[in-house]
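>
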Amino acid sequence: MSFVSVAHPAARAEMNLIHLAIRQATKSQCRHKMGAVLAAGSRVVAASPNKYRNSPLIDHRNSTFHAEDAALRRARGAPVSMVFVARVNAAFVPMLARPCPGCVVKLARAGVMRAYYTAGPTSVGMLEIPPICQMAG
């Protein structure tokens, strides 16, 4: 798998972090394999795949911790400014992994201002996260 090459050093660092998120996604035991990396600048603060928390037979709506939530739990309140999220299919090819609205709120509360996510096999999307005071709900 290769993404479009970039010359800017900051962009290269971001691509390294998205690749780390892809590696986290490959570690997931869940059906939908997701991984997340929280960063402060180019420094990795926490990384995690999504994880089972309840048996799907008992509670199918809340059977996993989303990768973003699992990484936030690992960060334990450390300052973070960006998240990198990836999803891979059964063949480990990157797929669309835009953070869900619930995760966006949790990320905003943690101080995350920008989310990068896999948008397909060779592309990365970016989402600006507004401060929590600007979010509805």
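Per the numbering used here, the sequence shown starts with residue 656, numbered consecutively.
Ideal Cβ placement from N, Cα and C applies to all residues, glycine included.
Would a C-beta distance cut-off of 8 Å place K761 and E723 closer than the cut-off?
For K761 and E723, yes; Cβs fall inside 8 Å.
> Among T773, T777, V767 and A774, which has the Cα closest to the Cα of E783?
Closest by alpha carbon: V767.
> Which residues in the same chain as V759 place their Cβ atom closer than 7 Å to its Cβ, once the five residues preceding and following it in sequence are excluded?
These residues qualify, in order along the chain: I784.
> Going by beta-carbon coordinates alone, are A726 and V692 separated by less than 8 Å?
Closer than 8 Å, so yes.
> Could you check what DSSP says for P767 in three-state terms: helix, strand or coil?
Here residue 767 turns out to be Val, not Pro, going by the sequence shown. Correct three-state label for V767: coil.
> Mind listing, in chain order, the continuous beta strand (DSSP E) runs of no fewer than 3 residues lying wholly within the stretch 682-736?
You should have 688-695 and 698-704.
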